[in-house]
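Its first residue numbered 2, the sequence shown is counted upward by one per residue in our numbering.
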Amino acid sequence: MKIINLYPKELPHLYKQNYEIKWRIKEGRVLYDGNSLLIFRKHKRKTKISLNSNMIVNKGDFTLNQIISNRIFRGGAEKLLNQFIDYIKDNGGENIFLSVRSDNSNAISFYERNGFKFIDNTYWNEQGKKLDGKIFSLQLKSNWIWIEKNSQRGK
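Following this line, the structure appears as structure tokens:
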């Protein structure tokens with residue numbers, strides 16, 4: 002895929018193992034619009050969001066694994082993310098979760114600007130080095146139940 006060759010540093014696991022992207026495409030876990038690539042997962046059961054966090058994702062929740070955009074095409078990642086969010090809303094999805102490295106301020110700003118809220122800390126071990134991260138979520142359905150006040154009560 003062309004975009005993988007453009008971003009070998011950002012997509013090392015896909016660049017080195019081209020079969021993995023084909024498998025994710027076949028499973029319907031990739032969105033690609035020619036300029037941006039979004040990799041996601043729909044959870045089939047209740048599970049922890051990461052090995053070192055107590056946060057739980059429910060069956061039917063989504064994890065956004067990665068979003069990469071051609072830097073020449075401004076706004077591409079946001080456009081693809083919004084299409085992804087609309088698709089999930091239209092199909093009854095309730096939550097989207099993601100994790101990002103703590104030192105990736107551009108990604109953190111992007112997700113916050115698009116409505117994601119910080120919910121927990123996490124970390125990864127990469128080549129013997131601990132990398133701090135943050136977990137964000139976007140709640141698509143409110144868990145609040147609104148009760149209309151009955152103005153006739155007490156009369």
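C-beta: ideal position from N, C-alpha, C; glycine also.
Every value quoted in this text rests on a predicted model; they were computed, and no experiment measured them.
With DSSP as the reference, identify every bridge partner of residue i, one or two as the case may be.
i, result
"I89", "Answer by DSSP bridge pairing: none, since I89 is not bridged."
"D104", "Answer is none; D104 lacks a bridge partner."
"K43", "F63"
"N96", "Q140"
Determine the contact status of residue i and residue j, defining contact as a CB-CB distance below 9 Å.
i, j, result
"N71", "S37", "yes"
"I109", "K130", "no"
"N59", "N96", "yes"
"S100", "I68", "no"
"L52", "F85", "no"
"G76", "L141", "no"
"R42", "N66", "yes"
Quick one: what does DSSP say residue i is sitting in, helix, strand or coil?
i, result
"L132", "strand"
"L82", "helix"
"F63", "strand"
"E113", "helix"
"S152", "The predicted model places S152 with a pLDDT of 45, which falls under 50 and marks its position as unreliable; any figure quoted below should be read in that light. Three-state result, S152: coil."
"K142", "coil"
"F137", "strand"
"W147", "At W147 the pLDDT is 49, less than 50, meaning the model places this residue with poor confidence and gives no usable figure here."
Between which two residues does the beta strand (DSSP E) harbouring residue i extend?
i, result
"L52", "Where L52 is concerned, there is no enclosing beta strand (DSSP E), given that its DSSP letter is neither H nor E."
"D121", "K118 to E127"
Heavy atom of the ligand ATP less than 8 Å from the Cβ of residue i, yes or no?
i, result
"I89", "Although the ligand ATP was asked about, the structure shown includes no ligands whatsoever."
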